[in-house]
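Order-wise, the sequence lines are chains A and B. The numbering of the first sequence is the working numbering, which starts it at 1 and goes up by one. The numbering of the second sequence is the working numbering, which starts it at 1 and goes up by one. Heads up: the structure comes next, in structure tokens.
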Amino acid sequence: MKKSLSKWFTGMMIGTLLLTTAGCGGGAAPAANSNSQGESAKLGVVAYMSGGGAAYGQSQKEGLDLAKDEINAQGKIKIDLVYEDSRGNNTDAINAVNKLINKDNVVGLIGPTLSGEMFAAGPIANQSGVPIMGTSTTAEGVTDIGEFVFRNALPESSAVPQAVKKAVEKYNLKKVAVMYSSNNDWAVSGYKTMEKALQDNGVEIIATETFADKDTDFSAQLTKIASLKPDAVMVSSLYQEAALVLKKAREIGITVPFVGTNGFNSPELIKIAGQAAEGAIVASPWYPGKENEKIKKFVADYKAKYNKTPDQFAAQSYDALHIYAAALEKSGSTTDRQKLRDSLATIKDFEGVTGKFAFDDKRNPLMDATVLIVKDGQFTELK
Amino acid sequence: MFWQQLVNGLTLGSTYSLVALGYTLIMGVLNIINMAHGEIFMFGAFVGLLLVTYLKVNIFVAMAGAMVACALLGILMEMLALRPLRRRAVSDLAPLISTIGVSIFLENLALKIFGPQSQTFPSGALSGVQIQLGSIQISLVQIIILGISFGLMFVLRFWLSKTRVGKAIRTTAESIDTANLLGINTNKIILLTVALASGLGGIAGVLVGLSINAVEPTMGLSMGLKGLAVLIFGGMGNITGAMVGGLILGIAEVFTVAYGASSYRDAVAFGMIILILFIRPQGLFGSSTRKGGRF
Numbered sequence: 001m002k003k004s005l006s007k008w009f010t011g012m013m014i015g016t017l018l019l020t021t022a023g024c025g026g027g028a029a030p031a032a033n034s035n036s037q038g039e040s041a042k043l044g045v046v047a048y049m050s051g052g053g054a055a056y057g058q059s060q061k062e063g064l065d066l067a068k069d070e071i072n073a074q075g076k077i078k079i080d081l082v083y084e085d086s087r088g089n090n091t092d093a094i095n096a097v098n099k100l101i102n103k104d105n106v107v108g109l110i111g112p113t114l115s116g117e118m119f120a121a122g123p124i125a126n127q128s129g130v131p132i133m134g135t136s137t138t139a140e141g142v143t144d145i146g147e148f149v150f151r152n153a154l155p156e157s158s159a160v161p162q163a164v165k166k167a168v169e170k171y172n173l174k175k176v177a178v179m180y181s182s183n184n185d186w187a188v189s190g191y192k193t194m195e196k197a198l199q200d201n202g203v204e205i206i207a208t209e210t211f212a213d214k215d216t217d218f219s220a221q222l223t224k225i226a227s228l229k230p231d232a233v234m235v236s237s238l239y240q241e242a243a244l245v246l247k248k249a250r251e252i253g254i255t256v257p258f259v260g261t262n263g264f265n266s267p268e269l270i271k272i273a274g275q276a277a278e279g280a281i282v283a284s285p286w287y288p289g290k291e292n293e294k295i296k297k298f299v300a301d302y303k304a305k306y307n308k309t310p311d312q313f314a315a316q317s318y319d320a321l322h323i324y325a326a327a328l329e330k331s332g333s334t335t336d337r338q339k340l341r342d343s344l345a346t347i348k349d350f351e352g353v354t355g356k357f358a359f360d361d362k363r364n365p366l367m368d369a370t371v372l373i374v375k376d377g378q379f380t381e382l383k
Numbered sequence: 001m002f003w004q005q006l007v008n009g010l011t012l013g014s015t016y017s018l019v020a021l022g023y024t025l026i027m028g029v030l031n032i033i034n035m036a037h038g039e040i041f042m043f044g045a046f047v048g049l050l051l052v053t054y055l056k057v058n059i060f061v062a063m064a065g066a067m068v069a070c071a072l073l074g075i076l077m078e079m080l081a082l083r084p085l086r087r088r089a090v091s092d093l094a095p096l097i098s099t100i101g102v103s104i105f106l107e108n109l110a111l112k113i114f115g116p117q118s119q120t121f122p123s124g125a126l127s128g129v130q131i132q133l134g135s136i137q138i139s140l141v142q143i144i145i146l147g148i149s150f151g152l153m154f155v156l157r158f159w160l161s162k163t164r165v166g167k168a169i170r171t172t173a174e175s176i177d178t179a180n181l182l183g184i185n186t187n188k189i190i191l192l193t194v195a196l197a198s199g200l201g202g203i204a205g206v207l208v209g210l211s212i213n214a215v216e217p218t219m220g221l222s223m224g225l226k227g228l229a230v231l232i233f234g235g236m237g238n239i240t241g242a243m244v245g246g247l248i249l250g251i252a253e254v255f256t257v258a259y260g261a262s263s264y265r266d267a268v269a270f271g272m273i274i275l276i277l278f279i280r281p282q283g284l285f286g287s288s289t290r291k292g293g294r295f
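Pasting the structure below:
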């Protein structure tokens, strides 16, 4: 009796496991590509591909796939990508990085999507001597993890103050309310940056409210904020919570502008919040409307392949893979991790779709941001 | 602001109650915690969303559709994951673990079918309609949620205490063996209860999905946890307990934010639950003496 029960359980567990793996989508990428020369460089990607921030990971994957096809078609260097889903979860991110480094033997890593995940998984890559580049890890101190940690994501400390300053000038803000997700490392860091930027601009913070990732009800916080009548509300959170906050706020009659951190940078924000997203302000290194040949080609190619306009996450991942390709070419090896790191660190004057790019001596990007505002359901430049 | 926050608390609490009712029914009859209830709830939300989006039905038809789909899911779960365990006298924990398996399965199935992105109800499907009562603002969806959960509570109580089937369910809850001896087809009664609880989960899914207007495959987990807390808080398997417990949890959360610090919201709400459980370990409305027959 006991035996048949355990058999039943095993069957169930195996079934579940199979489905779980299947659910990871891109996880089943062609790990063993039939490139017999062994010349292709294997890069691992850890992205948030299922759950509340899945749109970020999906965009990143699309941007990377597009870049990979271009690079492989050019033929100077061949790249294989192995995807792992981190589900926005630190433990899953650690497992993914361990697997990619030890089992798949990748030469370099891209990701993870969230700064919190990077703080958890980055040290492992750093200790193993594998270069890891975040394309969306914007929190303070990410590259302090170690010298193998890079990012082409514009740090919040550079982007947020630009958005705050612009909003303060444009709307003559005197007193604002701040909201942030208190169980997300990156959102807390974004909040601190916001707080500092507000103080620098002489704006008074009249309320600070928190919520948690995956919360769906914000009526209590927003009712409180509405009664204080702020000139604007600052929100540091991922798009899902941000969209629900916006929606609820507009419902209960808060019509002031909302200024966000990098989490606002997704078309999903507009999709979920709809009309309520109007007036949301965010600084982004990526603006698809710019007059630039490279950007126009990227947007057209992306549209042809995925039938939508690329967002910041797609654009930065696209650039990240091109940066990796340039570094791999320079290092002359598709397997030497140390050489790859050293050549990555020297990248400069790289012309990408997010503008002119170089790493500074702390492996952070040197680049400019554009302040955007949602108008008629589109991100447009705030002038 | 006090009254507005009270309304916010009641409406948040009523969504918890609605989810907790499904847990309570299964707990009361089968004496197990159905860990897959949150995922069944999520499927209900998706079925409702698809019906409204693609077949353009009105929201009540969508609720009925979600109820039927989830009841079928519940029947499948009972036949594949619960009944085989009941036939053999296995450990009390086995059905719990088996429902965890079902919940993982359903979540990943939803990720495969519906994709990981959150989806919204099309505009005009009730969501966003606001009603102004003096200085208080309340959305139509919230009134419907409040109404439906109280309505369900009374219907369930009446049905369980007065009708023949209700009596059969209560007998089964008291003791499956005795009920069998008395000529009650307990398998049928259990199937009915699980289908009913899952159907309720489906309705709750549509309503909650409509009120937050973001439906995604992992939404079952967080809602399910709150429902579980309410189940224990209200008294395992007590319908009034589920109702009142949900409302108290909602109000506690909202008032902590309104008059305290928002970061302590969960700490205060759950600290309060722990405190009440110290004083009444059987929960608010739970009875400490009997094992079965909790309604």
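Even for Gly, the Cβ is constructed at its ideal location relative to N, Cα and C.
Looking only at DSSP bridge pairs, what is LEU43 (chain A) linked to? Along the first sequence, read from residue 1 onward, the residue named residue 43 (chain A) stands at position 43. Note: LEU43 (chain A) is bridge-paired with A:LEU81, A:GLY108 in the DSSP secondary-structure output.
Whole-angstrom distance between LEU114 (chain A) and ALA369 (chain A), CA atom to CA atom: In the first sequence, residue 369 (chain A) corresponds to position 369, counting from 1. In the first sequence, residue 114 (chain A) corresponds to position 114, counting from 1. Cα-Cα distance, rounded: 20 Å.
Residues in the same chain with beta-carbon distance under 7 Å from ARG157 (chain B), minus the five sequence neighbours each way, listed in chain order, please. Residue numbering aside, residue 157 (chain B) sits at position 157 when the second sequence is read from its first letter. Within the same chain, Cβ atoms closer than 7 Å to the Cβ of ARG157 (chain B) are found at ILE239, the five residues on either side in sequence being excluded.
Cα-Cα, which of B:GLY166, B:ILE148, B:GLY283, B:ALA214 is closest to LEU50 (chain B)? Locating residue 50 (chain B) in the second sequence gives position 50, where the first residue counts as 1. Closest by alpha carbon: B:ALA214.
Contacts of PHE211 (chain A) in chain B (Cβ-Cβ under 7 Å): As a working note, residue 211 (chain A) is residue 211 in the first sequence. Listed along the chain, the chain B residues whose CB falls inside 7 Å of the CB of PHE211 (chain A) are SER262.
Which residues, in order along the stretch 224 to 244 of chain A, keep a beta-carbon less than 8 Å from a beta-carbon of chain B? LYS224, SER227, GLN240, ALA243, LEU244
Is the CB of MET367 (chain A) under 9 Å away from at least one CB in chain B? Within the first sequence, the letter at position 367 stands for residue 367 (chain A). So no, MET367 (chain A) is outside the interface.
Does ALA369 (chain A) come out as helix, strand or coil in the three-state DSSP assignment? Along the first sequence, read from residue 1 onward, the residue named residue 369 (chain A) stands at position 369. ALA369 (chain A) falls in the coil class under three-state DSSP.
Along chain A, in chain order, which residues have C-beta atoms closer than 9 Å to that of ALA258 (chain B)? For the purposes of this step, residue 258 (chain B) is identified with residue 258 of the second sequence, where counting begins at 1. Going along chain A in sequence order, the residues near ALA258 (chain B) (Cβ under 9 Å) are ALA220, GLN221, THR223, LYS224.
How would you list, in chain order, the residues of chain C whose beta-carbon sits under 9 Å from the beta-carbon of GLU251 (chain A)? In the displayed structure, chain C is absent; the protein chains listed are A and B.
If the cut is a Cβ gap below 8 Å, which residues of chain A does GLU39 (chain B) touch? Position 39 of the second sequence, counting from 1, holds the residue named residue 39 (chain B). Neighbours of GLU39 (chain B) on chain A: none; closest Cβ ~12 Å, over 8 Å.
So, helix, strand or coil for GLU174 (chain B), using DSSP? Here residue 174 (chain B) is taken as the residue at index 174 of the second sequence, counted from 1. Three-state result, GLU174 (chain B): helix.
Quick check on VAL155 (chain B): buried or exposed, where buried means 16 or more other Cβ atoms within 10 Å of its Cβ? Translated into the one-based positions of the second sequence, residue 155 (chain B) becomes position 155. Exposed, since its Cβ has fewer than 16 Cβ neighbours within 10 Å.
Buried or exposed for LEU93 (chain B), going by 16 or more other Cβ atoms inside 10 Å? Locating residue 93 (chain B) in the second sequence gives position 93, counting from the first residue. So LEU93 (chain B) ends up on the exposed side.
Neighbourhood of LEU192 (chain B) by C-beta distance below 6 Å, restricted to the same chain and skipping five residues each side: Within the second sequence, the letter at position 192 stands for residue 192 (chain B). For LEU192 (chain B), where only same-chain residues beyond five positions count, there are no Cβ hits under 6 Å.
Assign LEU173 (chain A) to one of two classes, buried (16 or more other C-beta atoms within 10 Å of its C-beta) or exposed (fewer than that). By 1-based counting over the first sequence, the position of residue 173 (chain A) is 173. Buried, because 16 or more other Cβ atoms sit within 10 Å of the Cβ of LEU173 (chain A).
Helix, strand or coil at SER284 (chain A) according to DSSP, with G and I counted as helix: Taking the first sequence and counting its residues from 1, the one referred to as residue 284 (chain A) is at position 284. Correct three-state label for SER284 (chain A): strand.
Own chain, CB closer than 7 Å to LEU12 (chain B), minus 5 neighbours either side, in chain order: Looking up residue 12 (chain B) in the second sequence gives position 12. Beyond the five residues adjoining it in sequence on each side, LEU12 (chain B) comes within less than 7 Å, by CB distance, of GLY250, GLU253, VAL254 in the same chain, given in chain order.
Per-residue contacts from ASP217 (chain A) into chain B (C-beta, under 9 Å): Within the first sequence, numbered from 1, the residue matching residue 217 (chain A) stands at position 217. Within chain B, the residues whose beta carbon sits less than 9 Å from that of ASP217 (chain A) are ASN8, THR11, LEU12, THR15, SER211, ILE212, GLY250, GLU253, VAL254, listed in sequence order.
How many angstroms separate the CA atom of LEU413 (chain A) from the CA atom of PHE150 (chain B)? The displayed coordinates of chain A run from 1 to 383. Any statement about residue 413 (chain A) would go beyond what the structure contains.
Within 10 Å of its beta-carbon, does SER118 (chain B) have 16 or more other beta-carbons around it, so buried, or fewer, so exposed? As a position in the second sequence, residue 118 (chain B) is number 118, starting the count at 1. Buried.
Could you tell me the distance, in whole angstroms, from the CA atom of GLY9 (chain B) to the CA atom of ARG86 (chain B)? Along the second sequence, one-based indexing puts residue 9 (chain B) at 9. Along the second sequence, one-based indexing puts residue 86 (chain B) at 86. When the Cα atoms are used, GLY9 (chain B) and ARG86 (chain B) turn out to be separated by approximately 40 Å.
Name, please, each residue of chain B whose Cβ falls closer than 9 Å to the Cβ of GLY108 (chain A). Indexing the first sequence from 1 puts residue 108 (chain A) at position 108. Near GLY108 (chain A) there are no residues of chain B at all, since even the closest Cβ is about 26 Å away, more than 9 Å.
Taking only the alpha-carbon atoms, compute the straight-line gap between ALA173 (chain B) and SER98 (chain B) and give it to the nearest angstrom. If you number the second sequence from 1, residue 173 (chain B) lands on position 173. If you number the second sequence from 1, residue 98 (chain B) lands on position 98. If I take the Cα positions, the gap works out to 20 Å.
Contact set for GLU117 (chain A): own chain, Cβ-Cβ below 6 Å, skip 5 residues either direction: Residue mapping note: residue 117 (chain A) aligns to position 117 of the first sequence, counting from 1. Closer than 6 Å at Cβ, skipping near neighbours: SER86, ASN90, ALA93.
THR380 (chain A) (DSSP reduced to helix, strand or coil): For the purposes of this step, residue 380 (chain A) is taken as residue 380 along the first sequence, with counting starting at 1. Strand at THR380 (chain A).
Kindly indicate the opening and closing residues of the beta strand (DSSP E) around ILE32 (chain B). Counted from its first residue, the second sequence places residue 32 (chain B) at position 32. Careful: ILE32 (chain B) lies outside any beta strand (DSSP E) and carries neither H nor E.
What are the start and end residues of the alpha helix (DSSP H) that includes SER77 (chain B)? Locating residue 77 (chain B) in the second sequence gives position 77, counting from the first residue. A small fix is needed here, since residue 77 (chain B) is Met in this sequence, not Ser. MET77 (chain B) -> alpha helix (DSSP H) spans 59 to 77.
Classify ALA121 (chain A) as buried or exposed, calling it buried when 16 or more other Cβ atoms lie within 10 Å of its own Cβ. Taking the first residue of the first sequence as 1, we reach residue 121 (chain A) at position 121. Burial call: buried.
Using beta-carbon positions only, say whether GLY202 (chain B) and MET63 (chain B) come within less than 9 Å of one another. Along the second sequence, read from residue 1 onward, the residue named residue 202 (chain B) stands at position 202. Along the second sequence, read from residue 1 onward, the residue named residue 63 (chain B) stands at position 63. Closer than 9 Å, so yes.
Could you check if VAL82 (chain A) is buried or exposed, using at least 16 other CB atoms within 10 Å of its CB as the buried criterion? In the first sequence, residue 82 (chain A) corresponds to position 82, counting from 1. So VAL82 (chain A) counts as buried.
Through-space distance from ILE273 (chain B) to LYS271 (chain A), alpha-carbon basis: Residue numbering aside, residue 271 (chain A) sits at position 271 when the first sequence is read from its first letter. Residue numbering aside, residue 273 (chain B) sits at position 273 when the second sequence is read from its first letter. In a straight line, the C-alpha of LYS271 (chain A) is about 37 Å away from that of ILE273 (chain B).
First and last residue of the uninterrupted beta strand (DSSP E) at GLN275 (chain A): Mapped onto the first sequence, residue 275 (chain A) falls at position 275. Run containing GLN275 (chain A): none; DSSP gives neither H nor E here.
For SER50 (chain A), which three-state DSSP category applies? Sequence index remark: in the first sequence, residue 50 (chain A) carries index 50 (1-based). In this structure, SER50 (chain A) counts as coil in the three-state DSSP scheme.
Three-state secondary structure (DSSP) of PHE148 (chain A): Counting from one through the first sequence, the residue named residue 148 (chain A) turns up at place 148. Three-state result, PHE148 (chain A): coil.
Is GLY9 (chain B) helix, strand or coil by DSSP? The residue given as residue 9 (chain B) occupies position 9 in the second sequence. Helix.
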